[in-house]
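Written below as structure tokens is the structure these notes are about.
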Amino acid sequence: MRTRLLLIAVAVVAAACASTGATPVSTAGSATATPAVSTTTIAATTSAPTTTLPPTTTTTTTSLPTGTVTEDARAVVMAGLPGLTLDVASEAFLADGGRVMILFAKNLSSREQVSDLTASMACAAGAPILVAVDQEPGRVDRLAKIGIPSPAVDSPTFVEDTLAMGKAMFDLGINLDLAPVLDVARGDNPVLVGRNFGPDPDVVASRGLDFQLTLGSLGIMTTAKHFPGHGLSTVDPHLQVTPIDAGLATLLATDFPPFQAAIDNGIGAIMVGHPIYAALDPDNPASLSPAVLEMLRDDFGFDGVAMTDAFSMAGVRAGGSVGDLTVQALIAGEDLLIVDNPAEVGPVVSAIEAAVAAGTLDRTRLAQAAGRVRRLAQSAFPVLCDR
Numbered sequence: 001m002r003t004r005l006l007l008i009a010v011a012v013v014a015a016a017c018a019s020t021g022a023t024p025v026s027t028a029g030s031a032t033a034t035p036a037v038s039t040t041t042i043a044a045t046t047s048a049p050t051t052t053l054p055p056t057t058t059t060t061t062t063s064l065p066t067g068t069v070t071e072d073a074r075a076v077v078m079a080g081l082p083g084l085t086l087d088v089a090s091e092a093f094l095a096d097g098g099r100v101m102i103l104f105a106k107n108l109s110s111r112e113q114v115s116d117l118t119a120s121m122a123c124a125a126g127a128p129i130l131v132a133v134d135q136e137p138g139r140v141d142r143l144a145k146i147g148i149p150s151p152a153v154d155s156p157t158f159v160e161d162t163l164a165m166g167k168a169m170f171d172l173g174i175n176l177d178l179a180p181v182l183d184v185a186r187g188d189n190p191v192l193v194g195r196n197f198g199p200d201p202d203v204v205a206s207r208g209l210d211f212q213l214t215l216g217s218l219g220i221m222t223t224a225k226h227f228p229g230h231g232l233s234t235v236d237p238h239l240q241v242t243p244i245d246a247g248l249a250t251l252l253a254t255d256f257p258p259f260q261a262a263i264d265n266g267i268g269a270i271m272v273g274h275p276i277y278a279a280l281d282p283d284n285p286a287s288l289s290p291a292v293l294e295m296l297r298d299d300f301g302f303d304g305v306a307m308t309d310a311f312s313m314a315g316v317r318a319g320g321s322v323g324d325l326t327v328q329a330l331i332a333g334e335d336l337l338i339v340d341n342p343a344e345v346g347p348v349v350s351a352i353e354a355a356v357a358a359g360t361l362d363r364t365r366l367a368q369a370a371g372r373v374r375r376l377a378q379s380a381f382p383v384l385c386d387r
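Taking the working numbering, I'd label the letters of the sequence shown as residues 1 to 387.
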């Protein structure tokens with residue numbers, strides 16, 4: 001079944017790229033040309049940036065898939081997995097409404113094992129799911145462990161390399177890539193070394209679209225990260241709170257355009273980073289900031305899945321317990337929470353359910369977030385229960 005779906009997907013890849021102005025994918029030769037990027041210019045203001053966008057054709061939130069509180073509380077969690085097989089807790093999580101799992105190196109031993117694992121996830125869920133992995137161009141390539149490299153950021157055959165990687169992901173049942181990295185890196189930036197497209201926002205946007213559109217032609221959803229841009233960070237948010245003092249004019253001119261290009265071309269998800277941006281919200285990490293999430297929705301015109309970076313990172317954990325922080329993220333406007341530590345999945349789900357019961361988290365807000373996640377899962381190629 002997967003093979004038949006893949007052949008259909010490959011047959012339409014050229015048309016998919018042509019509809020967005022991208023170079024058609026070829027399985028032979030080099031692809032040195034990159035698509036022209038047409039980004040919406042966001043006017044520089046002293047308040048939140050604004051932009052004039054065409055009427056959206058994205059499915060509105062009023063028609064999102066619905067569920068119970070129990071199901072919705074699990075649907076908004078991207079859950080880590082402890083080992084190489086589906087454990088009892090993860091199986092129950094999926095059976096009770098969980099829709100997104102994330103794989104790390106510890107969950108990978110062979111292609112056959114991963115294929116069996118994703119099939120078991122689909123069987124447990126009995127509904128469309130997302131299986132995610134960090135498979136970025138450059139040094140962060142989890143699947144290299146099982147012989148599936150990611151494309152080099154400067155490869156002259158970048159599109160072909162991305163297509164080959166995408167076909168392998170398709171065969172494994174992995175339909176959500178937490179990439180591309182659209183941070184415009186400049187200066188001494190430890191977190192982006194070897195995993196970004198450089199200091200030119202036009203190049204970053206163009207190469208990011210190559211990646212997004214190529215995987216999208218196979219039904220693999222992609223994630224633009226780390227909004228609103230880590231390019232000027234000088235410390236690693238995995239290790240500590242990360243302030244970014246760039247002014248709004250700098251963010252508008254350099255950091256925002258690649259994300260706008262991705263949104264204009266239908267990106268399914270945006271990962272919001274944990275740094276604190278003085279020009280946007282000096283009091284909260286971006287991932288917990290209503291101001292940043294409102295900007296993403298209203299000024300960038302994004303109605304897809306807004307997800308947090310991982311909650312294991314020290315750059316956000318200084319603010320409280322993981323349960324409190326994840327609820328705060330949902331209140332701020334996030335839709336999907338990366339809870340990469342399997343031991344914390346249950347407590348996070350319980351915290352969300354308790355927040356709804358107490359009235360701290362609006363029931364409609366949770367339903368909206370869960371609905372967006374389900375919609376994205378329905379848009380991706382189906383992970384099949386075909387053991």
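The beta-carbon is built from N, C-alpha and C at its ideal position, and this holds for glycine as well. As the structure is a prediction and not an experimental result, all values here were calculated from the model.
Query: Taking the C-alpha atoms as reference points, what is the distance between T66 and A73?; Result: 12 Å
Query: Taking only runs of the beta strand (DSSP E) that begin and end inside the stretch 61-93, which ones reach a length of at least 3 residues, in chain order?; Result: 77-80
Query: Assuming R142 and F104 form a contact by the criterion Cβ under 8 Å, report the distance between their Cβ atoms to the nearest whole angstrom.; Result: 6 Å
Query: Any idea if S110 is buried or exposed, counting beta-carbon neighbours within 10 angstroms, 16 or more meaning buried?; Result: exposed
Query: Under three-state DSSP, which class holds A269?; Result: strand
Query: On the criterion of 16 or more Cβ atoms from any shown chain inside 10 Å, does T56 qualify as buried, or is it exposed?; Result: Low per-residue confidence applies at T56: pLDDT is 33, beneath 50, and the placement is therefore not dependable, though the value from the model is reported in the following sentence. Answer is exposed; the Cβ neighbour count stays below 16.
Query: I'd like the span of the alpha helix (DSSP H) that includes M165, first residue to last.; Result: 158-172
Query: Taking 8 Å as the limit between beta carbons, can you name the residues of its chain near T118, skipping five residues before and five after?; Result: V131, L172, G173, I174, V383
Query: I'd like to confirm something about I129: is its beta-carbon nearer than 8 Å to some heavy atom of the ligand GDP, or not?; Result: No copy of the ligand GDP appears in this structure; indeed no ligand is present at all.
Query: Measure the C-alpha to C-alpha separation of G21 and P285 and round it to an integer number of angstroms.; Result: Confidence in G21 is poor, its pLDDT being 43 and thus under 50, which makes the residue's placement unreliable; the coordinate value appears in the next sentence. Their Cα atoms are separated by approximately 35 Å.
Query: So, with DSSP's three-state summary, where would you put A224?; Result: strand
Query: Would you tell me roughly how many angstroms separate the C-alpha atoms of D87 and P180, rounded to the nearest one?; Result: 30 Å
Query: Looking at the unbroken beta strand (DSSP E) that takes in D309, where does it start and where does it end?; Result: 305-310
Query: Excluding sequence positions up to five away, which residues of its chain have a Cβ less than 7 Å from the Cβ of A279?; Result: A246, G247, L248, L251
Query: Cβ atoms of L176 and T222: under 9 Å apart, would you say?; Result: yes
Query: Taking Cβ positions, are V100 and V373 nearer each other than 9 Å?; Result: yes
Query: Measuring alpha carbon to alpha carbon, tell me which residue in D183, L215, V339, M295 is nearest T162.; Result: L215
Query: Taking V114 as the reference, give the member of F197, F170, L218 with the closest Cα.; Result: F170
Query: Which ranges would you report for the alpha helix (DSSP H) in the stretch 198-224 if only whole runs of at least 4 residues count?; Result: 201-216
Query: Could you round the C-beta distance between G346 and A89 to whole angstroms and report it? I think they count as a contact, below 8 Å.; Result: 7 Å
Query: Would you be able to state if there are at least three C-beta pairs under 8 Å between the stretch 68-84 and the stretch 341-355?; Result: yes
Query: Just how far apart, CA to CA, sit S19 and F381?; Result: Any answer about S19 is weak, because its pLDDT of 38 lies below 50 and its placement is not dependable; what the coordinates show is given next. Rounded to whole angstroms, S19 to F381 spans 20 Å at the Cα level.
Query: Output yes or no for whether 9 Å exceeds the beta carbon distance between T308 and A291.; Result: no
Query: Measure the C-alpha to C-alpha separation of L337 and E160 and round it to an integer number of angstroms.; Result: 32 Å
Query: From the DSSP output, which residues share a beta bridge with I331?; Result: In DSSP, I331 forms no bridge with anything.
Query: Could you work out which residue in G194, P282, E112, V348 is closest to A310 when comparing CA atoms only?; Result: V348
Query: How far does the beta strand (DSSP E) with M101 in it reach, from first residue to last?; Result: 100-103
Query: So what does DSSP say about A261, is it helix, strand or coil?; Result: helix
Query: Could you name the residues that DSSP lists as bridge partners for A132?; Result: I102, L176
Query: Take F302 and list the residues in its own chain whose beta-carbon comes closer than 7 Å to its own, dropping the five residues that flank it on each side.; Result: I263, I270, L296
Query: Mind checking which residues open and close the alpha helix (DSSP H) that includes I352?; Result: 342-358
Query: Who does L337 pair with in a DSSP beta bridge?; Result: V77
Query: Leaving out five residues on either side along the sequence, give the residues of the same chain with a beta carbon under 8 Å from the beta carbon of D96.; Result: T70, E71, R74
Query: Could you round the C-beta distance between V333 and L293 to whole angstroms and report it? I think they count as a contact, below 8 Å.; Result: Note on identity: in this sequence residue 333 is Gly, with Val being the wrong assignment. Indeed, because the Cβ distance is near 3 Å, the residues count as touching under 8 Å.
Query: Please report how far the alpha carbon of R186 lies from the alpha carbon of G198, in whole angstroms.; Result: 7 Å
Query: Could you tell me the distance, in whole angstroms, from the CA atom of D134 to the CA atom of G98?; Result: 19 Å
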